[in-house]
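Numbering (our numbering), first residue to last: 13 to 155.
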């Protein structure tokens with residue numbers, strides 16, 4: 013399937029019978045697209061910055077998800093941890109988008125980041141710990 017540009021998306025939405033507003037549900041600054049929602053939307057960029065700061069890791073806002081996993085960390089544990097962070101970010105940005113669409117309000121970033129961090133810490137403590145070194149375990153416990 014060819015990659016549709018943002019200019020072609022209004023036609024694409026109409027061709028599928030959608031005639032409503034196609035602007036971003038979160039910021040309304042641009043036409044909603046995956047590229048905009050996950051990489052260009054100011055809310056998403058703020059989410060990445062907040063989580064990066066709270067975890068003490070560098071996660072650049074880029075349009076290539078795999079860059080994070082392949083270039084940020086060298087150890088297997090850190091790659092898997094960053095992969096879990098990325099999955100959680102994707103899920104919660106989409107959740108914030110749907111909440112905004114259906115409730116006409118945006119989930120506050122402070123609440124959102126606490127949810128993300130508590131989910132990540134729980135998962136790391138209860139799922140990831142079986143093959144993790146004592147140093148990494150103490151890092152997880154310190155969060």
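Beta carbons are placed, not taken as given, at the ideal position from N, Cα and C, and that holds for glycine.
- DSSP places residue 62 in the uninterrupted alpha helix (DSSP H) bounded by 54-67.
- Boundaries cannot be given for residue 144, as no alpha helix (DSSP H) includes it and DSSP labels it neither H nor E.
- Here residue 98 is not bridged, per DSSP, to any residue.
- When secondary structure is reduced to three states using DSSP, residue 123 falls in the helix class.
- In this structure, residue 100 lies near residue 132, with their beta-carbon atoms less than 9 Å apart.
- In this structure, residue 49 lies near residue 105, with their beta-carbon atoms less than 9 Å apart.
- Excluding its 5 nearest sequence neighbours in each direction, residue 111 has C-beta neighbours in its own chain below 8 Å: 117, 118, 119, listed in chain order.
- For residue 60, the closest C-alpha among the options 35, 87, 102 is that of 102.
- Looking at the DSSP output, residue 43 sits in a beta bridge with 35.
- In this model, residue 121 and residue 65 are separated by some 13 Å (Cα to Cα).
- Nearest to residue 128 by alpha-carbon distance, out of 115, 40, 113, 108, is 108.
- Residue 89 holds the alpha-carbon nearest to the alpha-carbon of residue 147 among 97, 130, 89.
- Proximity to residue 94 across 114, 54, 52, 68 peaks at 68, based on C-alpha coordinates.
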